[in-house]
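Have a look at the structure below, then the notes.
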Amino acid sequence: MMHTAFLSIGSNIGDSVKNCQNTIKSIAGHEEMEVIRVSSFYSTEPWGDIEQEWFTNCVVKIKTSLHAFQLLRHLQQIERDLGREEFAKGLPRVIDIDILFFDNAVIGETILTIPHPHLHKRAFVLVPLMETDPLHIHPVIKKNIRELNQELEDRKKVIRIE
2 MMHTAFLSIG SNIGDSVKNC QNTIKSIAGH EEMEVIRVSS FYSTEPWGDI EQEWFTNCVV
62 KIKTSLHAFQ LLRHLQQIER DLGREEFAKG LPRVIDIDIL FFDNAVIGET ILTIPHPHLH
122 KRAFVLVPLM ETDPLHIHPV IKKNIRELNQ ELEDRKKVIR IE
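Structure representation (structure tokens):
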């Protein structure tokens, strides 16, 4: 059975655009994942209170035969392969891949929460998500991405990279 997932990809160490491009290539090169759509890349103001470089972010829509926890393990391996080290939340990173949605699943485990618990509060997620599927409905909040984006209170800068 094929599943649809939306992934948020971000980087703010080194060549962050290239890090995101390499991540997408790694995902596309995996036999059990197919990239369906990639948003534009955005330069985004860091979330949280830690002073750090701006991020490059994008959202990728994929089809996969993997189940959610298998997908998580494969994405974590891609992060490690691209140089990610374990870190405390909110710190700079070479690459960060988050599963935003997996079909209409609602998962609340320690290692995996789907939908991503903060996606509806973050411009750096909603703006690129608008490009990939503005009518996708959040399975918990029951609003589509366009509606969530219109209600967004996050005023952090999100600037499309040309």
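With our numbering applied, the sequence shown corresponds to residues 2 to 163, in that order.
C-beta: ideal position from N, C-alpha, C; glycine also.
A quick note: this is a predicted structure, and the numbers were derived from the prediction, not measured.
Alpha carbon to alpha carbon, how far is I100 from H119? Give it in angstroms, no decimals. 11 Å
So what's D97 in DSSP terms, helix, strand or just coil? strand
Once you ignore the five residues that flank S9 on each side, which residues in its own chain have a CB closer than 6 Å to its CB? V60, D99, L101 and V126
Given a threshold of 16 other Cβ atoms within 10 Å of its Cβ, counted over all protein chains shown, does A29 qualify as buried or as exposed? exposed
Could you give the residue range of the beta strand (DSSP E) that holds V61? F56 to T65
For V159, count neighbouring C-beta atoms within 10 Å of its own C-beta (all shown protein chains included) and say buried if the count is 16 or more, exposed if not. buried
Taking only the alpha-carbon atoms, compute the straight-line gap between D104 and A124 and give it to the nearest angstrom. 22 Å
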